[in-house]
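Colleague:
Structure below.
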């Protein structure tokens, strides 16, 4: 994920590095459709006179992920980078519905939570498949790789 956002404008020369404002904006950059899955961002207490990027940590759906925030350019824009890939629940739900239809010959409506997860083996989505008769079936979609592939299991009580 590499994104650019604007912050710390309003002065001559290079803008100030407003760490609080930047930490607040990182969730929307990491997961644009679902910033609420980012539970927090911590950039520590970097030296304000240092010129290089700032290493931060974000908590995304319970997983710590590294984030690199580059200090503002002369135009006030900063760059945010993270090596993590994110898997969206809507994509998992669509694939799960397609698998169920292919395997069972029945169309199900599937919804999964949380809205996004880090693409890491073992991360899981709680899903509900509703069949044409209105019956709900609780499923677990567990990621098996960094590419978003997953195993789909019935979640028996």
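Residue numbers (our numbering): 688 to 844.
Don't be surprised by glycine CBs; every beta carbon is placed ideally from N, CA and C.
All figures in this text were calculated on a predicted structure; none of them were measured in a lab.
Go ahead and label residue 682 buried or exposed: buried means 16 or more other beta carbons lie within 10 angstroms of its beta carbon, across all protein chains shown.
Modeller: Since the first residue of the chain shown is 688 and the last is 844, residue 682 is not available in this structure.
Colleague: Note down, in chain order, each residue of its chain lying with its Cβ closer than 6 Å to the Cβ of residue 835, except the 5 sequence neighbours on either side.
Modeller: For residue 835, where only same-chain residues beyond five positions count, the Cβ hits under 6 Å are 774 and 806.
Colleague: To the nearest angstrom, how far is it from the Cα of residue 738 to the Cα of residue 787?
Modeller: Each residue's alpha carbon lies about 53 Å from the other.
Colleague: I need the boundaries of the alpha helix (DSSP H) containing residue 718, first residue and last residue.
Modeller: That residue, residue 718, is in no alpha helix (DSSP H); it is neither H nor E in DSSP.
Colleague: Identify the continuous alpha helix (DSSP H) that holds residue 796 and give its terminal residues.
Modeller: Looking at the DSSP string, residue 796 is not in any alpha helix (DSSP H); the run it does join, the beta strand (DSSP E), is 796-800.
Colleague: Measuring only between beta-carbons, confirm whether residue 769 sits less than 8 Å from chain D.
Modeller: Judged by its chain identifiers, the structure shown contains no chain D, having just a single protein chain.
Colleague: Starting from the C-beta of residue 727, find all residues in its chain whose C-beta is less than 8 Å away, skip the five residues before and the five after it, and write them out in chain order.
Modeller: Excluding residues within five positions, the ones whose Cβ falls inside 8 Å are 745 and 746.
Colleague: So for residue 840, helix, strand or coil by DSSP?
Modeller: Strand, per DSSP.
Colleague: Helix, strand or coil, according to DSSP, for residue 708 in the structure here?
Modeller: Residue state, collapsed to three classes: helix.
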